[in-house]
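First comes the structure, then the notes that go with it.
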Amino acid sequence: MEQLNLPPYNYDVRNQSGRRVILDSVRKRFVPLTPEEWVRQHFVQYLISNLDVPPGLVGIEVTIPIQDRHYRADIVIYDRRVEPVMVVECKRPSVQLSQDTFNQIGHYNAKLKVPYLVITNGMQHYCCMVDHIHRSYRFLDEIPSYKTMILPINHVQ
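Just so we're aligned: 12 in numbering that gives the first Met the number 0 is position 13 of the sequence shown, and the numbers increase by one with no gaps anywhere.
Here you go:
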């Protein structure tokens with residue numbers, strides 16, 4: 000798999016029934032190793048190891064019901080009351096991040112109303128903070144630490 004613009008970690012990749020799988024440390028099971036999964040697993044480890052997100056407050060492929068359809072967010076970070084505070088959309092490294100990617104995650108956020116949205120392809124990462132009152136957002140220079148994510152001032156809806 001491709002080297003990403005994320006810190007390396009000690010991943011566990013195996014061959015299982017003729018296909019490559021990677022250990023998902025959050026779900027505690029092996030999942031098929033695809034380019035998107037490679038990005039997702041690296042980004043989860045970055046959140047846990049570098050931004051101090053508690054592993055128990057990370058959701059992977061979280062189902063989001065919107066009207067009569069069900070969507071899946073790649074990563075959802077929760078606060079200690081188990082309210083979502085961040086949604087992360089992961090794309091394979093070869094996918095160019097675009098307005099369409101933000102539209103996708105924005106669609107999820109119409110339901111979740113989190114203060115932070117992140118899109119990544121493992122090479123580039125964009126984070127924005129959403130102001131639900133003024134219906135606006137601003138891009139941040141860096142992805143906030145968990146401590147910052149859960150500050151009450153960031154949760155005004």
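Just so you know, even glycine gets a beta-carbon here, dropped at the ideal spot from N, CA and C. None of the values given here were measured: they were computed from a predicted structure.
The region 64–71 and the region 45–55 do not touch, with fewer than three beta-carbon pairs separated by less than 8 Å. Val117 places its beta carbon 8 Å or farther from that of Val84.
In the DSSP assignment, Gln15 falls within the unbroken beta strand (DSSP E) covering Val12 to Gln15. When the alpha-carbon of Asp130 is set against those of Tyr115, Gly121 and Ile142, the nearest one is in Tyr115. For Pro34, the uninterrupted alpha helix (DSSP H) run begins and ends at Pro34 to Asn49, by DSSP.
Separation of the CB atoms of Arg71 and Glu82 is rounded to 19 Å, and the pair is thereby denied contact status at 8 Å. When secondary structure is reduced to three states using DSSP, Tyr8 falls in the coil class, being assigned neither helix nor strand. In this structure, the CA atom of Arg80 is about 32 Å from the CA atom of Asn4. Annotation: the region 64–120 contains the following complete segments of the beta strand (DSSP E) (minimum length 3 residues), in chain order: 68–77, 83–89 and 115–119. Less than 8 Å divides the Cβ of Asn120 from the Cβ of Leu96.
Between Arg39 and Ser16, the alpha-carbon positions lie close to 22 Å from each other. Residues of the same chain with a CB within less than 6 Å of the CB of Asp78, apart from the 5 flanking positions on each side, are Val84 and Ile149 in chain order. Here the alpha carbons of Tyr10 and Gly105 stand approximately 30 Å from one another.
Remark: C-beta atoms of Ile74 and Val113 do not approach each other more closely than 8 Å. Per DSSP, Met148 is one residue of the alpha helix (DSSP H) stretching across Tyr145 to Met148.
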